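Residue numbers (my numbering): 3 to 412. We treat Cβ as the ideally placed atom computed from N, Cα and C, and that holds for glycine. None of the values given here were measured: they were computed from a predicted structure.
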Amino acid sequence: MDACDVAIAGGGPAGLVAGLILARAGLRVTVLEKHADVLRDFRGDTVHPSTLTLLDELGLGDGFARLGAQRVRGASIPVAGGGPPVTVADLSRLRVRHPYIEMAPQWDVLNLLAEAASAEPGFELRMNAEVLGPVVEGGAVRGVRYAEGGPSAGPGSERELRATVTLVCDGRGSVLRREAGLVPRSWPVPFDVWWVRVPGSSALSDTLAPRGGRGLMYVLIPRGEYVQAAMLFPRGSGPELLAGGMEALRERFARDLPELAGGFGGMAEEDLKFLHVELSRLRTWYRRGLICLGDAAHTMSPVGGVGVNLAIQDGAAAGRLLAPGLLDGTLSDRDAQGLQRRRAPVAAATQAAQRLMHRGVARLLRSDAELALPRPAARVLRSAPALAAVPAWLLGVGPRPEHAPDFARR
Ligand SMILES: Cc1cc2nc3c(=O)[nH]c(=O)nc-3n(C[C@H](O)[C@H](O)[C@H](O)COP(=O)(O)OP(=O)(O)OC[C@H]3O[C@@H](n4cnc5c(N)ncnc54)[C@H](O)[C@@H]3O)c2cc1C
C-alpha cells in the first residue's frame, strides 16, 4: 500500500516548507503537486525579513543569496501639492538580520526548498499528481485520492496515498478543502489587478511606489531590468477599460507613468495578467486527520505582498507543532487546534488591516483625486522619519514570526 506519515497536497510555499521541516524530523513526507513544474509568473515574488531569517535557520541563506534577488527597502507615496515622495515604510530601520524585502522569482525559491527537502531520505515530491479528494474512514481523513499524470490524465490514473495526517496546501482554489467539507468565509473586494512586466527602470530603484488616481492605481516594484507593475482597477471594470482598445490603454498607462512610457509600446492584451483578488478565511482550519495551511486556510489580498510569507510561516509552524505528535504517535485534534490557535490570529489581523486599506483604495478608484499623502502627515513623517519603521515592521516581520525548530536547523 502507498503510505506515508504526512501527505501534502500542493507544492507551493506552504507545502514545501512544511514538507522540508517534517522530513528533517525524520518523517516520511509525500508532496503531491498537480503541475509538471513550478514555473508561474507573478506568483508572489516578495520574500520578507521574517522569511529570510527562516531560510537562514534552515541553512538555505547562501542558496537564496545565489539567486541574485532584487532588494526593496521601503515604500514611498507622493505628497499632496507636489514635492518629493515621502517614505511611509522604511525597512532599513528594522533591527533584524535582513532589513529589506528580497524580490525573487517564486519558482527559484520553490526549487531551493524542493532541492533541500529532496536531500532528506523520507521526502518525496510527486509532480503531475493532482489531488482529487480525501480518503475518509470512520469520520477521519486517512489520506488522499489523486490522479497520476496530472489534470489531463484519463480514467485509470486514480491512486490512493494513505497518511497519518494530510496537509491541505493546494492554494486559494483548494479542491481538497472543498472535498473535505471546509468552506471559507469571504469578504467583498472592491478591485482587481492586472500584473504587467514593463521594460525600463523605476526612478526609485529600491522603493515600492504606489501612485495613481482617476480610476486606476499603480504599484511599481523595481525588478532590475524591468518594473513589475500592479494596476488596480474597480472590480468588474476590466472590459470597460479594454473596450477602447489596447492603443488607448497603452496611452493611458504612459500618461500616468511617464518615466516608464517607453516600455508600453509593445504591450498586448495577453501581457496583462489578471488577478481576481480574494480575501477569505476558514473558521475551522482542520478536521480529523487533515489541516489547511497557507492560501487554502486564508486567501490574502495582494495588498502588502504578504501571502507568500504567511504561507511559509504557516508551513514552519506546522512543521514545528506537528512533528512531535507524529513521531511519538500521539497526534490528535489538539495539535491541529494548537496550530490554528497559533496562526489564525495572525491571518485575521493581517486581513483586517488589508480590509482597511481596501477601503482607501476603493475611495481613490472612485474619485478623480491623485494618490497623495496629506501635507500634515508628510510633515510629521519628515520630522520623525523613525515612524516609518512601524509599517515596515508590520509588513516585513509582523506578529508571531516563526522560527525553524532545532531539529530542522542546518
Ligand atoms: C498573480 C498573483 C500575484 C501575487 N503576488 C504576491 C506577492 O507579490 N507577494 C505575496 O506575498 N503574495 C502574492 N500572491 C499570493 C501568493 O502567491 C500566495 O499567497 C502564496 O503563493 C500562497 O502559498 P500556498 O503555498 O498557500 O499556495 P500556492 O502558492 O497557491 O500553491 C499551491 C500549490 O498547489 C498546487 N495545486 C493546486 N491544486 C492542486 C491539486 N488539486 N493537487 C495538487 N496540487 C495542487 C498548485 O499548482 C500550487 O503549486 C500573489 C498571488 C497571485 C495569484
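Contact belief for residue i with residue j at Cβ below 8 Å, rounded distance in angstroms
i: Gly14; j: Cys171; result: 6 Å
i: Asp258; j: Leu218; result: 7 Å
i: Arg128; j: Thr32; result: 6 Å
i: Leu96; j: Ala349; result: Not a contact, Cβ separation roughly 22 Å.
i: Gly317; j: Leu295; result: 6 Å
i: Val8; j: Leu328; result: 7 Å
i: Asn130; j: Ala11; result: No, Asn130 and Ala11 are not in contact; Cβ-Cβ is about 14 Å, not under 8 Å.
i: Glu442; j: Val191; result: What the structure shows of the chain is the stretch from 3 to 412, and residue 442 is not part of that stretch, so it cannot be assessed.
i: Pro224; j: Ser239; result: About 27 Å separates the two Cβ atoms, so there is no contact after all.
i: Glu139; j: Ala149; result: Actually they are not in contact, since the Cβ atoms of Glu139 and Ala149 sit about 21 Å apart, beyond 8 Å.
i: Pro283; j: Gln353; result: It is worth fixing the name first, because residue 283 is Arg in this sequence and not Pro. Arg283 to Gln353, Cβ: 6 Å. Contact.
Own chain, CB closer than 7 Å to residue i, minus 5 neighbours either side, in chain order
i: Ala319; result: Leu341, Arg344, Arg345 and Glu404
i: Leu115; result: Leu18, Val19 and Leu22
i: Ala298; result: Val170, Cys171, Asp172, Gly173, Ser176 and Arg179
i: Gly291; result: Ala142, Val143, Arg144, Val167 and Thr168
i: Leu277; result: Asp194, Val195, Trp197 and Pro304
i: Phe125; result: Gly21, Ala25, Val31 and Ala119
i: Arg384; result: Val88
i: Glu162; result: Asp4, Val137, Gly145 and Arg147
i: Ala388; result: Arg95
Per DSSP, the bridge partner or partners of residue i
i: Arg73; result: Glu104
i: Pro201; result: Tyr228
i: His300; result: Arg283
i: Arg289; result: Leu292
i: Ser188; result: Ser282
i: Asp194; result: Phe235
i: Ser441; result: Nothing about residue 441 can be reported from this structure: the residues present for the chain run from 3 to 412 only.
i: Tyr5; result: The sequence given here places Ala at residue 5; Tyr does not occur at that position. Ala5 is bridged to Arg164.
i: Val31; result: Val8 and Phe125
i: Asp92; result: Gly76
i: Val81; result: Leu375
i: Leu60; result: According to DSSP, Leu60 bridges with nothing at all.
i: Leu210; result: Ala77
Residue i: CB within 7 Å of a non-hydrogen atom of ligand 2
i: His360; result: The model depicted lacks ligand 2 and carries ligand 1 instead.
Contacting residues, own chain, Cβ-Cβ under 8 Å from residue i (five flanking each side not counted)
i: Leu244; result: Leu251 and Glu271
i: Ala325; result: Ile23, Leu24, Ala27, Leu29, Pro407 and Phe409
i: Thr55; result: Val98, Arg99, His100, Pro403 and His405
i: Arg411; result: Glu59, Leu60 and Gly61
i: Leu234; result: Phe193, Asp194, Val195, Gly214, Leu218, Met219, Tyr220, Val221, Val363 and Leu367
i: Met248; result: Met269, Ala270 and Glu271
i: Gln339; result: Tyr288
i: His360; result: Val191, Pro192, Phe193, Leu281, Ser303 and Val305
i: Ala391; result: Asp92, Arg95 and Leu96
Other residues of its chain near residue i: CB distance less than 6 Å, five sequence neighbours each side excluded
i: Gly215; result: Ala371, Glu372 and Leu373
i: Ile103; result: Thr48, His50 and Val74
i: Ser94; result: Arg75 and Pro101
i: Leu375; result: Ile79, Val81 and Val88
i: Asp273; result: Val198
i: Val266; result: Looking at the sequence shown, residue 266 is not Val but Phe. Contacts found: Arg252, Phe255 and Ala256.
i: Val399; result: Pro51 and Ser52
i: Gln416; result: Residue numbering for the chain in the displayed model covers 3 to 412; residue 416 lies beyond these limits and cannot be assessed.
i: Pro201; result: Tyr228 and Gly265
Cβ of residue i within 8 Å of any chain C Cβ
i: Arg237; result: The chain inventory of the structure shown lacks chain C, comprising one protein chain alone.
- Item | Complete beta strand (DSSP E) runs within the stretch 102-172 (minimum length 3 residues, chain order) | 103-105, 125-128, 131-139, 142-150 and 160-170
- Runs of alpha helix (DSSP H) lying entirely within the stretch 309-389, each at least 4 residues, in chain order: 309-330, 335-368 and 377-385
- Message: Threshold first: 4 residues or longer. Then list the alpha helix (DSSP H) segments lying entirely within the stretch 212-284, N to C.
- Response: 240-245 and 248-258
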